[in-house]
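Protein sequences, first through last, are from chains A and B.
Residue numbers for the first sequence follow this note's numbering, beginning at 1 and rising by one.
Residue numbers for the second sequence follow this note's numbering, beginning at 1 and rising by one.
Each residue gets a CB set at the ideal place from its N, CA and C atoms; glycine is no exception.
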Amino acid sequence: MLSIRSVDKRFSLDGPLVLDRINMEVRNGEFVSLLGPSGCGKTTLLKIVAGLLPATGGEVYLEGKESTEPSREKAMVFQHFNLLPWRTAINNVAYGLEVQGVAKAERLETAARFLKLLDLEGYEDHYPSQISGGMKQRVGLARALATEPRLMLMDEPFGALDALTREYLQDELARIAASQDLTVLFVTHSIDEAIYLSDRIVVMGNNPGRILVEYPVPFERPRTSTVVRADPRFAELRNQVWVLLEEEKSKR
Amino acid sequence: MTNLAPESGLLARVPPRLVRIASVVVVVLAWEIAGRAAPRWASYPTEVAAAFMDNLDRIIDAFIETFKAVGVGYAISVAGGVLIGFGMARIRVVKVALDPYVAVLYSTPRITLIPLAILLIGIGFNLRVLMSVLASIFPMIINTYAAVDSVSAELEETARSFTASRWSITRTVLIPGAIPGIFVGMRVGIIRALVGVIVAEMTAGAAGVGALLLVFGRFFQSEKLFGPVLLLGFMSILMTRGLSLLERKLAPWQD
Numbered sequence: 001m002l003s004i005r006s007v008d009k010r011f012s013l014d015g016p017l018v019l020d021r022i023n024m025e026v027r028n029g030e031f032v033s034l035l036g037p038s039g040c041g042k043t044t045l046l047k048i049v050a051g052l053l054p055a056t057g058g059e060v061y062l063e064g065k066e067s068t069e070p071s072r073e074k075a076m077v078f079q080h081f082n083l084l085p086w087r088t089a090i091n092n093v094a095y096g097l098e099v100q101g102v103a104k105a106e107r108l109e110t111a112a113r114f115l116k117l118l119d120l121e122g123y124e125d126h127y128p129s130q131i132s133g134g135m136k137q138r139v140g141l142a143r144a145l146a147t148e149p150r151l152m153l154m155d156e157p158f159g160a161l162d163a164l165t166r167e168y169l170q171d172e173l174a175r176i177a178a179s180q181d182l183t184v185l186f187v188t189h190s191i192d193e194a195i196y197l198s199d200r201i202v203v204m205g206n207n208p209g210r211i212l213v214e215y216p217v218p219f220e221r222p223r224t225s226t227v228v229r230a231d232p233r234f235a236e237l238r239n240q241v242w243v244l245l246e247e248e249k250s251k252r
Numbered sequence: 001m002t003n004l005a006p007e008s009g010l011l012a013r014v015p016p017r018l019v020r021i022a023s024v025v026v027v028v029l030a031w032e033i034a035g036r037a038a039p040r041w042a043s044y045p046t047e048v049a050a051a052f053m054d055n056l057d058r059i060i061d062a063f064i065e066t067f068k069a070v071g072v073g074y075a076i077s078v079a080g081g082v083l084i085g086f087g088m089a090r091i092r093v094v095k096v097a098l099d100p101y102v103a104v105l106y107s108t109p110r111i112t113l114i115p116l117a118i119l120l121i122g123i124g125f126n127l128r129v130l131m132s133v134l135a136s137i138f139p140m141i142i143n144t145y146a147a148v149d150s151v152s153a154e155l156e157e158t159a160r161s162f163t164a165s166r167w168s169i170t171r172t173v174l175i176p177g178a179i180p181g182i183f184v185g186m187r188v189g190i191i192r193a194l195v196g197v198i199v200a201e202m203t204a205g206a207a208g209v210g211a212l213l214l215v216f217g218r219f220f221q222s223e224k225l226f227g228p229v230l231l232l233g234f235m236s237i238l239m240t241r242g243l244s245l246l247e248r249k250l251a252p253w254q255d
């Protein structure tokens, strides 16, 4: 469904290569994590897929069609939430639908439904400054989900949250991804998070940003984090990835 | 006010409101006594109040005249300043082209332009409007520019990721994001607009509160001077308060 074909990226004509021939696929209903050290270009790759940045070379295909601009098929969740401070929770969730021309009554109804899905009932009229970080990201998630995209792009969505909130939201995302049958490309630098959430982990390396290896995650979804974390295969996979990233670090 | 060191004892227990009223009463009383003792040197409150009531018609006419010019000038400044500020923040050519004028005009004492303005447009209503625009449009331009420029690029990117067009980014991100900054300019601008009109009236005579004050001053009528001045101060407070209320209405997400 998503196909990234030999994508290169330089930020200027004679600048360094930031992404070097990235090839990867995400199938329908699949949850894929892009894992790598900071500076490896995983966010840049995500923004290219989102259509927020142009690729220097290569193409991105979505459902067989080249995709170079933001479109209704894609929706993004940001590390720093990026809620509009002047909109209440419900109007933030309705934002994507609003710019896509959905009528007011319909978009508010949809927004209310997704607020409910994320346990935000009762907070419809709160401004972002009045709710906690975890709740802000729930609003961010609801805003992306409300446009009912084919592909969810998530840029370290839990990176700015405290550890406990982060785990709550991971569980929440796991539940929603399974129930809504989402297709997700998920950027993270947490190995645990990647293993717990994904079907497949794409590990990236630095200088230039490139794909090192892909790991399938050997657990069926839906899963529960306690079961996954207690499984010996979790520790094994975690260790494998960790060793790889350490090696990559020492190369520089 | 809240940063004052904590005091102990009896004085600390007096409510601030009472202190404020007491302060005004003491000063007014002292002024009354001093003024009665040396009537040629300065007027005193009861005389000021009487003179104000005696001249109420003239004063009201002058205020209407002045505030008509303030209203027109301020409206031009707000509309023009917001448009120019937006243009400069979003369109490179506009910024590069207008930068020198804004910099030079903003740093020139605007009062020095009055003689030239009189030559060009005379001393009527238009002069007062022009001076009020010149006084108030630059804070509008500069604050709007800064406000639009500081709207986070990440929010723009977010809007873009949801397929927002250029116009819908302006409508849903830039305009609401700039409102608090625009209000900063509006609060500074309203006072400037008033000062600009008064200055024009005082230098070019003719009409309005500025001219009235000059007349009273020339005839050594200090008792008549105080009333309109106090009323101007009161109006200024009222206008800035009004703007703050309007801002709270239009931008309720703040605080």
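Item                                                                                                                                                                                               : Value
What is the residue span of the beta strand (DSSP E) that Y61 (chain A) lies within?                                                                                                               : G57 to L62
Is it true that the stretch 142-151 of chain A meets the stretch 87-97 of chain A, where meeting means three or more beta-carbon pairs spaced less than 8 Å apart?                                 : yes
With three or more C-beta pairs closer than 8 Å as the rule, is the stretch 208-223 of chain B touching the stretch 243-252 of chain B?                                                            : no
Could you tell me whether the Cβ of R218 (chain B) comes closer than 8 Å to any Cβ of chain A?                                                                                                     : no
Measuring from the CB of L34 (chain A), is there a heavy atom of the ligand GDP at a distance below 7 Å?                                                                                           : Here there are no bound small molecules, and the ligand GDP is not part of this structure.
Answer with buried or exposed for R158 (chain B), where buried requires no fewer than 16 other C-beta atoms within 10 angstroms of its C-beta.                                                     : For the sequence presented, residue 158 (chain B) should be read as Thr rather than Arg. It counts as buried.
Quick one: give me the first and last residue of the alpha helix (DSSP H) that M154 (chain A) is part of.                                                                                          : Where M154 (chain A) is concerned, there is no enclosing alpha helix (DSSP H), although the beta strand (DSSP E) it sits in stretches over L151 to D155.
In whole angstroms, give me the CA-to-CA distance for M1 (chain B) and A174 (chain A).                                                                                                             : At M1 (chain B), the pLDDT of 48 sits below 50, so the modelled position is not reliable; the number obtained from the coordinates is stated separately. Roughly 51 Å between the two C-alpha positions.
Looking at chain B, is there any beta carbon in it that lies within less than 8 Å of the beta carbon of G57 (chain A)?                                                                             : no
Taking a contact to mean a Cβ-Cβ separation below 8 Å, would you say D155 (chain A) touches L45 (chain A) in this structure?                                                                       : no
Per the contact definition of three or more C-beta pairs closer than 8 Å, is the stretch 6-25 of chain A in contact with the stretch 74-85 of chain A?                                             : no
Which bits of chain B does T147 (chain A) rub up against, with CB to CB less than 8 Å?                                                                                                             : F162
Hey, is R72 (chain A)'s beta-carbon within less than 8 Å of any beta-carbon in chain B?                                                                                                            : yes
Does DSSP classify M1 (chain B) as helix, strand or coil?                                                                                                                                          : Low local confidence applies: a pLDDT of 48 at M1 (chain B) is under 50, so the model's placement there is unreliable, with the coordinate-based value given in what follows. Note: M1 (chain B) maps to coil in three-state DSSP.
If you measure from the beta carbon of W242 (chain A) to each beta carbon in chain B, is any gap under 8 Å?                                                                                        : no
Strictly under 8 Å for the Cβ-Cβ distance: is A312 (chain A) near chain B by that measure?                                                                                                         : Since the first residue of chain A shown is 1 and the last is 252, residue 312 (chain A) is not available in this structure.
Assuming the contact rule is C-beta atoms closer than 8 Å, G58 (chain A) and V18 (chain A) should be a hit. Round their C-beta distance to whole Å, please.                                        : In fact, because the Cβ distance is near 13 Å, the residues do not count as touching under 8 Å.
Are the C-beta of A89 (chain A) and some C-beta of chain B separated by less than 8 Å?                                                                                                             : no
Distance cutoff 8 Å, beta carbons only. Does S168 (chain B) sit that close to anything in chain A?                                                                                                 : yes
Could you please give the first and the last residue of the uninterrupted alpha helix (DSSP H) stretch that includes I60 (chain B)?                                                                : L56 to R90
Between D149 (chain B) and R90 (chain B), what straight-line distance do the alpha-carbon atoms span, to the nearest angstrom?                                                                     : 8 Å
Identify, in the order they occur along the chain, each residue of the same chain with its Cβ nearer than 7 Å to the Cβ of E32 (chain B), setting aside the five sequence neighbours on each side. : Y44, P45 and T46
Ignoring anything shorter than 4 residues or poking outside the stretch 136-175 of chain B, list the alpha helix (DSSP H) runs there in chain order.                                               : 153-161 and 166-169
What are the uninterrupted segments assigned as beta strand (DSSP E) that are 3 or more residues long and contained completely in the stretch 44-132 of chain A, given in chain order?             : 57-62 and 74-77
For a cutoff of 8 Å on Cβ pairs, would you count S129 (chain A) as touching chain B?                                                                                                               : yes
Is the beta carbon of Q170 (chain A) sitting closer than 8 Å to the one on S132 (chain A)?                                                                                                         : no
Report the residues of the stretch 169-185 of chain B with a CB closer than 9 Å to any CB of chain A, ordered along the chain.                                                                     : I169, T172, V173, P176, G177 and I179
Just the Cα atoms here: how many angstroms apart are F186 (chain A) and G39 (chain A)?                                                                                                             : 16 Å
With 8 Å set as the bound, which would you pick, yes or no: does the beta-carbon of P208 (chain A) sit closer than that to a beta-carbon of chain B?                                               : no
Answer with yes or no whether the minimum CB distance from G133 (chain A) to chain B is below 8 Å.                                                                                                 : no
So which residues of chain B does F78 (chain A) contact, with C-beta pairs closer than 9 Å?                                                                                                        : E154, E157, T158 and S161
Is it buried or exposed for E246 (chain A), if we count other Cβ within 10 angstroms and need 16 for buried?                                                                                       : exposed
Specify, as a first and last residue, the run of the alpha helix (DSSP H) that V217 (chain A) falls within.                                                                                        : Looking at the DSSP string, V217 (chain A) is not in any alpha helix (DSSP H), and its letter there is neither H nor E.
Where does G122 (chain B) fall in DSSP's three states?                                                                                                                                             : coil
Does the stretch 107-127 of chain A come close enough to the stretch 70-78 of chain A that 3 or more CB-CB pairs lie under 8 Å?                                                                    : no
With 8 Å as the limit, tell me which residues of the stretch 64-93 of chain B have their beta carbon closer than that to any beta carbon of chain A; keep them in chain order.                     : none
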